[in-house]
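Residue numbers (the working numbering): 1 to 280.
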């Protein structure tokens, strides 16, 4: 079967790196992006690109149908990656803002995944790879909306993996820590758009958050390039027995271990320090 792979969130960072890396490895990559200008740019880079807005069910359906038309109804793998981070204290997140985070980071992925599963069942094989985060198992302050989306993704994916046992469909989670990308810049835009800094009890902490989000280059120790994620995706695609989880970066390995060993309150202290923004 031709190795057709659909990837979401390919405008920059991890998605773009994985799309280009898999294409060079011989995969037929369908690199999707939300904005039409990004789709055009991806095509200029030599990638087959589709417009896919994870907040829009019609866009998801249209992109999937276009891929099926081009591949003769075959898909080897789905890499769910498109996401953004909504910074802000939990008490400053409106229902609408939290819902928007979940629509993009969870519900859009779920809708797309439900489309590919029947095709993979007919084929008797397939790979579903979910790009989670260290924040899918280790919550940090002022990242509540993103924590929520990734914790939910981990639970949904673990359940899906067990339910698909014996179907030939393999399901894996990638858990990156700090990776060089435009994630921080995009998060800053969402912060300014949705958080009322002046009216918040967390004004002082927000000063540190804004400084971190607006910083050029790496803002955290042990930051790796997106190629570190590409390496794990390749293993998840090509291994006869792919892992359920692929931690990426030192902080992810460290906090996975500490979560098993330390009492919750002790871990809270470490996570507050690691986040750079202590709780009020």
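Beta carbons are placed, not taken as given, at the ideal position from N, Cα and C, and that holds for glycine.
Assign residue i to one of three DSSP states: helix, strand, or coil.
i	result
residue 183	helix
residue 101	helix
residue 134	helix
residue 81	coil
residue 223	coil
residue 39	helix
residue 108	helix
residue 15	helix
residue 177	coil
residue 94	coil
residue 152	helix
residue 171	strand
How would you label residue i, buried or exposed, when you count the other beta carbons within 10 angstroms and need 16 or more for buried?
i	result
residue 104	buried
residue 179	buried
residue 185	exposed
residue 275	buried
residue 265	exposed
residue 17	buried
How far does the alpha helix (DSSP H) with residue i in it reach, from first residue to last?
i	result
residue 309	No answer is possible for residue 309: it lies beyond the span of the chain, which begins at 1 and ends at 280.
residue 209	203-213
residue 286	Look at the range of the chain in this structure, 1 to 280, and you will see that residue 286 is not part of it.
Ignore the nearest five residues each way along the sequence and tell me which others in residue i's own chain have a CB closer than 6 Å to its CB.
i	result
residue 31	7, 10, 19, 42, 47, 49
Considering residue i, what are the terminal residues of the beta strand (DSSP E) in which it resides?
i	result
residue 248	245-248
residue 284	This structure leaves residue 284 out entirely; the chain is present only between 1 and 280.
By Cβ distance below 8 Å, which residues in the same chain neighbour residue i in space, the five residues on each side in sequence not counted?
i	result
residue 261	none
residue 278	Since pLDDT at residue 278 reaches only 44, below the 50 mark, its modelled position is unreliable, and the value read off the structure follows with that caveat. Once the five neighbours on either side are set aside, the close Cβ partners of residue 278 are 141, 205, 272.
Quick one: residues in its chain with C-beta nearer than 7 Å to the C-beta of residue i, no 5 flanking neighbours on either side, listed in chain order?
i	result
residue 124	168
residue 214	188
residue 299	Look at the range of the chain in this structure, 1 to 280, and you will see that residue 299 is not part of it.
Quick one: is residue i near chain D, going by C-beta distance under 8 Å?
i	result
residue 260	Given the protein chain composition of this structure (a single chain), no chain D is represented.
Does the region 146-158 come close enough to the region 219-237 that 3 or more CB-CB pairs lie under 8 Å? no
Would you check if there are 3 or more beta carbon pairs closer than 8 Å linking the region 188-198 to the region 230-237? Short answer: they don't touch.
Under 8 Å, with one C-beta from each stretch per pair, do the region 150-157 and the region 193-201 reach the 3-pair mark? The region 150-157 makes no contact with the region 193-201, as fewer than three CB pairs between them are under 8 Å.
Okay, do the region 161-175 and the region 235-244 touch, 3+ Cβ pairs below 8 Å being the bar? With a cut-off of 8 Å on Cβ pairs, the region 161-175 is in contact with the region 235-244, counting three or more such pairs.
Below 8 Å, can you find three or more Cβ-Cβ pairs linking the region 121-138 to the region 72-80? yes
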